[in-house]
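These notes concern the structure reproduced below.
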Amino acid sequence: MGDSEYALLARFEANDGSEEALAGFLTDALAMAREEPGMTTWFALRFDESTFGIFDTFPDQAGRQAHLEGEIAAALLADEDNLLAGEPEIEEVDVLAAMHADE
Numbered sequence: 000m001g002d003s004e005y006a007l008l009a010r011f012e013a014n015d016g017s018e019e020a021l022a023g024f025l026t027d028a029l030a031m032a033r034e035e036p037g038m039t040t041w042f043a044l045r046f047d048e049s050t051f052g053i054f055d056t057f058p059d060q061a062g063r064q065a066h067l068e069g070e071i072a073a074a075l076l077a078d079e080d081n082l083l084a085g086e087p088e089i090e091e092v093d094v095l096a097a098m099h100a101d102e
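Positions 0 to 102 (numbering that gives the first Met the number 0) are the ones given, in order, by the sequence shown.
So, in structure tokens, the structure goes:
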């Protein structure tokens, strides 16, 4: 499990009328996630019509911190006023157990 012990859980609300734009942003962000070194997994989530999130895992704290300062976060925050109803809630979490299909 050493490749996904450190994680981030981000949750955010879309501005009224920006729900599909935010969903599109997250879908498109997969390409950025694939290029980011130090990330084990990345998931874009939709909890309900206007609540979205990202869950991603990292092998170490350095990877997790680099992601917080990376391209996806910068792109989301650059368009924060148009897409988000408020600041994202971002939690650093530790993964206690994980199963990867390729193991």
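The C-beta atom is built at its ideal place from N, Cα and C for all residues, glycine as well.
Count the other CB atoms within 10 Å of the CB of residue 33; is the residue buried (16 or more) or exposed (fewer)?
exposed
At which residue ranges does the region 5-31 contain complete beta strand (DSSP E) runs of 3 or more residues, listed in the order of the chain?
5-12
Within its chain, find whatever has a CB closer than 8 Å to the CB of residue 74; leave out the 5 residues flanking it on each side and keep chain order.
Result list for residue 74: 24, 28 and 31, in chain order.
Which term fits residue 26, buried or exposed, when burial requires 16 or more other beta carbons within 10 angstroms of its beta carbon?
exposed
Count the other CB atoms within 10 Å of the CB of residue 48; is the residue buried (16 or more) or exposed (fewer)?
exposed
Quick check on residue 67: buried or exposed, where buried means 16 or more other Cβ atoms within 10 Å of its Cβ?
exposed
For residue 93, write down the residues that DSSP places opposite it in a beta bridge.
Residue 93 is bridged to 5.
So, residue 42 versus residue 11, is the Cβ gap smaller than 8 Å?
no
May I have the straight-line CA-CA distance separating residue 71 from residue 39, to the nearest angstrom?
Near 15 Å, if we compare the C-alpha coordinates of residue 39 and residue 71.
Along the beta strand (DSSP E) that carries residue 100, what are the first and last residues, could you check?
Careful: residue 100 lies outside any beta strand (DSSP E) and carries neither H nor E.
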